[in-house]
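Protein chains in written order, with our numbering: chain F, 14 to 309; chain V, 14 to 309.
Right under this line is the structure:
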């Protein structure tokens, strides 16, 4: 590992996000409350699961363009935060709490929530465009990858829209709503690291599915304090939940199979073994330990 | 003028928009109502003032990369439509009518309106990224130009956010809310045509200011049918209006001065004279004829 690779991953992500939102600060001349709302949506850090996946893949490929990987990781988190802010709006989930604090529209009002989400989408593309340097081809590929993660037919906006359709197919919904940003995180990490993004698609898909099931498990068993948002929402809102549908033991078994399939899918590269260790450790943190032991 | 330049500008814009939204069609596998909502936001055509400005500038510079100019024009219109859809939401203007039909949230509901706006922002960046060909440098410059048009401190999202601030400076508000997309339209046309975008900034600024005043005039004197949305909204919503503040004669005089300054600012280029004619004709259509004659 070179110097940049050894640098603490969490610091890289937070530093990239701080730099990305600085243009929205009131010091730059923008509206002060909008700048505060944008910061509120991003900080303090959530689990940063998606940008960590992105950087981890780039590092496994050698991370020869750290500016590109940092921008990709920051952009993916900004798009994720934008989707949380808009999904929490009263016309969707009407969530009161997010990351252990009031949801953005509760703290700043609906108008600032709509605008902060809009700004984060545009700023996500901007941070990639501004990272363009000696590899303009990578920059453009990253932008397309991010757009796929958001737009119809398969992006997270389409995923959220399936909730509003009279007839929605569950797998298309989950693939778009949760899977798309995981796929993009893995593929963007590959692009930033100079690899073939298609070779990393299955890793993102399987981790997205595993994350969806882990989320279902936490919705049933975790406390609100642990996950920073209300629990039991799936049942309350009539949304599909794998634990409710299949039982806990079966849900845990599927989760573990998906994680193994994700690890197997990793293409040959210098950092493959280390990457497998990192991803296994990250994945196991998603589910309360006692449930994994019970299922083992 | 070469073949592509002679091609009817309106068809170029509509064709580019049709191509840009095809990925959101249900045939592509996306949620059908979201696809319908996205089309509803864009078609049938409004005045297309901004994409016409963009293409007109590119043509004046020779339009040597029509794919880039078409993408830039389509993207600018998509971002404009996104801002209209979100500005019309109940938490902002609560508009019932837009372009002589129900506003998007009245026709499809608030959830589809939030998502269609989000999708149009992302698709605006996507259409530029997908147009990348032999000039990746232009593609990246176009993406940055679009991002500036949207994001804080000076983009339209910041402009809308000034409406939510306890203390807003009127000129910063109008520059961001109306001016930013005109500036980007002119600069994006210059980038797509291989010119220096900074040389075209003043054209966009003056036309944006002229358009703002023309909008104030129409809000006072036009019928709802003529402008496709309710009139008298500025007074009703307590928003600043140049006619109300300065009187009609003074507003018309300022409008005409701004158009002249815009025409003078056009940098030397092969199509300068033709561009001046086109822009003068477009600008004069913004204000009811009898008012221009009265002021002359």
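C-beta atoms are modelled at their ideal positions from N, C-alpha and C, and glycine is treated no differently. Being a predicted model, the structure only gives us computed values, none of them experimental.
DSSP state of residue i, grouped into three classes?
i: residue 190 of chain F; result: helix
i: residue 14 of chain F; result: Note that residue 14 of chain F scores 40 on pLDDT, short of 50, meaning its location in the model is unreliable and no value can be drawn from it.
i: residue 112 of chain F; result: coil
i: residue 301 of chain V; result: coil
i: residue 253 of chain V; result: coil
i: residue 5 of chain V; result: Residue 5 of chain V falls outside the range modelled here, since chain V spans only 14 to 309, and no answer is possible.
i: residue 281 of chain V; result: coil
i: residue 195 of chain V; result: helix
i: residue 206 of chain V; result: coil
i: residue 178 of chain F; result: coil
i: residue 58 of chain V; result: coil
From the options, pick the residue whose C-alpha is nearest to that of residue i; which is it?
i: residue 303 of chain F; options: F:285, F:245 and F:234; result: F:234
i: residue 47 of chain V; options: V:280, V:204 and V:117; result: V:117
i: residue 222 of chain F; options: F:273, F:89, F:124 and F:53; result: F:273
i: residue 271 of chain V; options: V:248, V:288, V:220 and V:283; result: V:220
i: residue 106 of chain F; options: F:250, F:276 and F:300; result: F:250
i: residue 23 of chain F; options: F:269, F:66, F:123 and F:101; result: F:66
i: residue 43 of chain F; options: V:61, V:275 and V:172; result: V:172
i: residue 28 of chain F; options: F:202, F:73 and F:90; result: F:90
i: residue 134 of chain F; options: V:125, V:92, V:153 and V:143; result: V:92
i: residue 149 of chain V; options: V:56, V:124, V:80 and V:193; result: V:80
i: residue 104 of chain V; options: V:85, V:86, V:124 and V:87; result: V:124
i: residue 30 of chain V; options: V:228, V:141, V:297 and V:190; result: V:141
i: residue 236 of chain V; options: V:113, V:167 and V:175; result: V:113
i: residue 257 of chain F; options: F:101, F:239 and F:230; result: F:230
i: residue 52 of chain F; options: F:179, F:138, F:86 and F:126; result: F:126
i: residue 245 of chain V; options: V:72, V:108 and V:176; result: V:108
i: residue 166 of chain V; options: V:151, V:215, V:88 and V:193; result: V:193
Got a sec, what are the start and stop residues for the alpha helix (DSSP H) residue i sits in?
i: residue 175 of chain F; result: 169-175
i: residue 46 of chain F; result: 45-55
i: residue 159 of chain F; result: 149-163
i: residue 26 of chain V; result: 22-34
i: residue 6 of chain V; result: Here chain V covers residues 14 to 309 and nothing more, so residue 6 of chain V does not appear.
i: residue 79 of chain V; result: 79-100
i: residue 134 of chain V; result: 123-143
i: residue 278 of chain F; result: 261-278
i: residue 228 of chain V; result: 214-234
i: residue 237 of chain F; result: 237-240
Cβ of residue i less than 8 Å from any chain V Cβ?
i: residue 170 of chain F; result: yes
i: residue 91 of chain F; result: no
i: residue 213 of chain F; result: no
i: residue 195 of chain F; result: no
i: residue 201 of chain F; result: no
i: residue 134 of chain F; result: yes
i: residue 207 of chain F; result: no
i: residue 302 of chain F; result: no
i: residue 164 of chain F; result: yes
i: residue 177 of chain F; result: yes
i: residue 48 of chain F; result: yes
i: residue 87 of chain F; result: no
i: residue 309 of chain F; result: With a pLDDT of 41 at residue 309 of chain F, under the threshold of 50, the modelled position of that residue is not reliable, and no figure is offered here.
i: residue 42 of chain F; result: yes
i: residue 80 of chain F; result: no
If we cut at 8 Å on Cβ distances, does residue i have a partner in chain F?
i: residue 15 of chain V; result: The predicted model places residue 15 of chain V with a pLDDT of 42, which falls under 50 and marks its position as unreliable, so this point remains unresolved.
i: residue 52 of chain V; result: no
i: residue 6 of chain V; result: Residue 6 of chain V lies beyond the stretch modelled for chain V, which goes from 14 to 309, so this question has no answer here.
i: residue 45 of chain V; result: yes
i: residue 37 of chain V; result: yes
i: residue 56 of chain V; result: no
i: residue 29 of chain V; result: no
i: residue 19 of chain V; result: In this predicted model, residue 19 of chain V has a pLDDT of only 40, less than 50, meaning its place in the structure is not dependable enough to derive any value.
i: residue 65 of chain V; result: no
i: residue 139 of chain V; result: yes
i: residue 157 of chain V; result: yes
>> Short of 8 Å Cβ to Cβ, which residues in the stretch 98-131 of chain V face chain F?
In response: 99, 102, 104, 105, 122, 123, 124, 125, 127, 128, 130 and 131
> At a Cβ cut of 7 Å, what residues of the stretch 241-274 of chain V count as close to chain F, listed as they run along the chain?
Replying inline: none
> When you check each C-beta in the stretch 144-155 of chain F against every C-beta of chain V, which residues fall closer than 7 Å?
Replying inline: For the stretch 144-155 of chain F, the set of positions with a beta-carbon nearer than 7 Å to some beta-carbon of chain V reads 145, 149, 150, 152 and 153 in chain order.
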